[in-house]
Amino acid sequence: MDKKPKKKQGITRLMELAGTKKIELTAACTLSVLSSVCKIVPYFTIYEILKKLIQSYAAGGGLAFAEVKTLVILTAVSAVLYGIFAYTSAMLSHGAAFDILYELRMKLMEKMGRISSGYYTSNTQGAIKKLLIEDVEQIEIFIAHSMCEVAAAIATPLLTIIVLFLVDWRLTLVSLLPILCSFVILGMALKKPDGAKHQQNMADAKSKMEGTIVEYIHGMSVIKIFCGTKNAFKRFETDMNAFTKSVHDTAYYNANGMGLYYAFFGAQVLFLLPAAIIMLNHAASYTEVLPKILFFLVICAGLKEPLENMMNVSIDSTKINVGLQRIDDLLAEPEIMLSGDGKALHQFDIAFDGVSFAYPGSGTKACNGVSLSLPKGSCNALVGPSGGGKSTIAQLLLHFYEVDAGTIRIGGVNINEVTHSELVKHIAYVFQDSFVFHDTIENNIRMGNAAATFDEVKAAAKAANIHETIEALPDGYQTIVADNTGLSGGEKQRIAIARAMLKNAPIIVLDEATAYADAENEAKIQEAFSRLSKGKTVLMIAHRLKTIQNADNILVMNEGRLEAAGTHEELMQSCVLYRDMVTANERRDAWSLRKGDVE
Ligand code: ADP
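According to our numbering, the sequence shown is numbered sequentially starting from 9.
Structural data, given as structure tokens:
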């Protein structure tokens with residue numbers, strides 16, 4: 009196998025991700041460097057003015073404005089130019105950052121549509137949320153702010169040091185001495201053997217804690233009912249304690265090194281003062297040395313900030329590396345959907361040939377050597393005990409997972425040779441838990457076909473038996489579907505059926521809801537289902553057998569195998585499992601009836 013090329017990191021990798029925005033970013037960084045040049049100029053002009061002032065007063069005269077006019081103008085011009093350069097640089101970098109952010113999120117979302125659904129089970133929702141929101145945001149912040157600061161953070165201290173050397177090399181060396189010491193101390197601290205391990209532990213503990221928080225928020229209603237909050241939060245508490253411990257450990261581990269580093273880093277005056285006294289004692293002329301000492305005392309206090317910026321920027325760039333790595337890991341996930349050219353689907357019969365599949369990390373096959381064929385326009389029902397593999401068959405047809413063995417063909421074309429968009433164009437899937445988005449009802453239905461007119465949306469809603477219910481809502485089709493809209497599960501499912509109606513796909517996959525709220529809802533849904541299914545190749549996961557007795561073909565799944573297939577009558581004769589299930593269903597229906605009678 010080919011060895012994977014080594015992935016770039018930090019700013020080099022960011023520049024790759026920046027794509028077409030590279031030019032804007034380069035211009036922003038250049039302007040940022042120019043702005044730091046302008047920032048240094050006033051220090052130099054102030055020194056010159058100071059020198060003239062001290063010298064002229066020492067000579068017994070005053071200082072005329074004409075003597076410093078050029079220096080004053082230079083100071084003012086550099087201040088104005090600083091503003092212009094810094095503003096333009098920030099505008100360019102922010103614009104580029106938001107564009108890159110948008111493109112990166114779109115790239116990740118598209119990628120997520122092409123990878124195996126196994127990715128979502130092995131990664132908690134919290135980690136995916138963190139990747140799409142925080143990691144990408146961190147990159148935006150880095151590009152918008154830190155990237156230009158990198159250029160400025162390097163240019164400003166360098167230019168300052170050059171200016172310092174031009175004024176007095178001895179005082180420059182004295183001012184740089186504590187900084188040099190602090191860098192050596194920092195280098196030694198960072199080189200300590202377990203430093204990276206502590207940082208990694210802290211990042212892992214934080215990510216785990218955030219994942220747990222998101223999970224608990226999502227599952228709060230279940231937790232309240234089944235676990236009681238105290239027990240349920242045990243894991244959250246454990247994760248939080250682990251995070252606190254990792255922060256403490258890291259802090260203690262770094263305390264000595266970082267303390268010394270900060271003590272030396274800001275100690276210029278402590279080093280400068282004795283040196284200044286020695287220089288003054290040995291100076292031939294006070295007026296030569298005094299302006300230099302004053303200049304160094306002023307500027308050295310300002311030297312700390314750009315140097316600190318340089319440090320922060322290097323810390324920021326290591327921070328984004330972790331996020332960049334997670335983004336790259338997702339982008340490197342193997343794709344199960346073709347992203348380039350694929351074959352077109354023209355016929356809509358479905359064939360599974362020796363299909364086997366086990367969920368990632370699971371030892372048992374959820375689908376074991378299944379071969380089946382669903383003729384075009386036929387209505388097929390998947391039945392069987394819970395865990396038999398019915399939903400797995402539907403998910404494999406939708407290419408949510410890659411099969412381990414065998415092939416799945418639609419109209420003779422292997423679904424591996426079909427792009428994601430081509431596949432989903434021809435399949436409508438009505439889930440058991442119909443997902444409605446936080447949007448208007450009209451837009452929820454229109455998802456089936458973005459180009460549909462409002463009349464077409466209404467026609468689909470009518471065919472799905474949901475039009476009257478929608479019209480009865482105060483805002484009708486413009487009602488925002490939210491938790492408090494008051495739509496029942498059955499009504500939401502009819503909205504999902506309307507969406508599928510509008511899509512008018514030749515293949516329909518239906519996951520029949522196990523419990524309709526009431527008989528009226530059930531009848532309306534059944535009616536909508538049969539309208540939706542007319543003339544289509546239908547694969548229906550049936551949980552209740554009385555609804556599928558007229559199906560063209562009933563497939564009995566048990567422990568991942570296709571145990572039998574045929575019409576209701578055929579299976580009643582030939583399949584013991586099917587017969588038992590029908591009897592059990594009839595008994596359950598009869599029991600419900602008696603219970604109703606009593607009530
Ligand atoms: P059915 O729809 O007939 O109830 P499924 O297709 O959902 O059955 O499940 C078949 C088998 O695969 C079961 O043993 C189930 O536990 C397992 N399974 C289903 N979904 C997953 C998953 N996401 N990860 C791991 N195992 C799964």
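Glycine included, each C-beta is placed from N, C-alpha and C at the ideal position.
If we require 3 or more residues per run, which beta strand (DSSP E) segments fall completely within the stretch 427-495? 435-438
Residues near Gly613 by beta carbon distance below 6 Å, same chain, minus five either side: Only positions 9 to 607 of the chain appear in this structure, which leaves residue 613 out of reach.
Rounded separation between Leu390 and Met565 - CA only: Between Leu390 and Met565, the C-alpha separation is close to 7 Å.
Use the C-beta contact count for Glu245: other C-beta atoms within 10 angstroms, 16 or more gives buried, fewer gives exposed. exposed
Does the stretch 177-194 come within contact of the stretch 263-274, defined as at least 3 CB pairs closer than 8 Å? Touching, per the Cβ criterion.
Should Ala374 be counted as a contact of the ligand ADP given a C-beta to heavy atom distance under 6 Å? yes
Round the Cβ separation of Glu430 and Leu353 to the nearest angstrom and send it over; I've been treating them as touching at under 8 Å. That belief holds up - the Cβ atoms of Glu430 and Leu353 are roughly 6 Å apart, short of 8 Å.
Straight-line Cα distance separating Leu332 from Ile170: Between Ile170 and Leu332, the C-alpha separation is close to 36 Å.
Would you say Leu570 and Leu380 are within 7 Å of each other, going by their C-beta atoms? yes
Pull the bridge partners of Val517 from the DSSP assignment, please. Within the DSSP bridge table, the entry for Val517 names Tyr437 and Leu547 as partners.
Asp519 and Ala366 look like a contact to me (Cβ under 8 Å); what is the Cβ gap, rounded to whole Å? 21 Å between Cβ atoms; not a contact.
Quick check: the Cα distance between Met287 and Arg178, rounded to an integer number of angstroms? Computed Cα separation, rounded: 10 Å.
Below 8 Å on the Cβ atoms is my guess for Asp247 versus Lys200; work out the distance and round it to an integer in Å. With 8 Å as the limit, Asp247 and Lys200 do not qualify as a contact, their Cβ atoms being about 27 Å apart.
Name the residue from Phe443, Asp560, Asn262 and Pro383 whose alpha carbon lies nearest to the alpha carbon of Ile503. Phe443
Straight-line Cα distance separating Leu315 from Leu82: Each residue's CA atom was taken as its position, placing Leu82 and Leu315 some 25 Å apart.
Would a C-beta distance cut-off of 7 Å place Ser64 and Leu58 closer than the cut-off? no
Mind the definition here: the stretch 26-39 touches the stretch 88-107 only if three or more C-beta pairs lie below 8 Å; say whether that holds. They touch, by the three-pair rule.
Separation of Ile193 from Gly267, as counted between CA atoms: 10 Å
By the three-class DSSP mapping on this structure, what secondary structure does Asp361 have? strand
With three or more C-beta pairs closer than 8 Å as the rule, is the stretch 356-366 touching the stretch 335-342? Contact check between the stretch 335-342 and the stretch 356-366: fewer than three CB pairs, one atom from each, fall below 8 Å, which does not count as touching.
What residue range is occupied by the uninterrupted beta strand (DSSP E) comprising Gly267? According to the DSSP assignment, Gly267 belongs to no beta strand (DSSP E) but to the alpha helix (DSSP H) extending over Lys242 to Phe273.
When the Cβ atoms of the stretch 88-95 are set against those of the stretch 37-45, are three or more pairs found closer than 8 Å? Pairwise C-beta distances place the stretch 88-95 in contact with the stretch 37-45, as three or more of them are shorter than 8 Å.
So is the beta-carbon of Ser386 under 6 Å away from any non-hydrogen atom of the ligand ADP? no
Start-end ranges of the alpha helix (DSSP H) lying completely within the stretch 173-206, minimum 4 residues: 177-199
Could you tell me which of Gly498, Gly543, Pro514 and Ser154 sits nearest to Gln534, measuring between CA atoms? Gly498
Sorry if obvious, but does the Cβ on Tyr367 come closer than 6 Å to a heavy atom of the ligand ADP? yes
Shortest alpha-carbon distance to Gln440 belongs to which of Asp349, Thr53 and Lys500? Lys500
Nearest candidate by alpha-carbon position, reference Lys544, set Leu563, Ala550 and Asn512: Asn512
With H, G and I counted as helix, E and B as strand and the rest as coil, what does DSSP make of Ser609? The chain is shown from 9 up to 607; residue 609 falls before or after that span and cannot be answered.
Between the alpha carbons of Val582 and Thr415, how many angstroms are there, rounded? The question names Val, yet the displayed sequence has Ser at residue 582. Spanning the two alpha carbons is a distance of roughly 28 Å.
In the DSSP assignment, find the alpha helix (DSSP H) that holds Thr78 and state where it starts and stops. Phe73 to Arg122
Excluding five sequence neighbours on each side, which residues of the same chain lie with their C-beta closer than 8 Å to the C-beta of Met196? Gly265
Taking C-beta to C-beta, are Ala250 and Ala213 nearer than 7 Å? yes
Within 7 Å, strictly: CB atoms of Val49 and Ser86: yes
Quick check: the Cα distance between Tyr128 and Ile556, rounded to an integer number of angstroms? When rounded, the distance between both Cα atoms is 32 Å.
Buried or exposed by the 16-neighbour rule on C-beta atoms within 10 Å, applied to Gly604: Bear in mind that a pLDDT of 48 at Gly604, under 50, signals an unreliable position, so the model cannot answer this.
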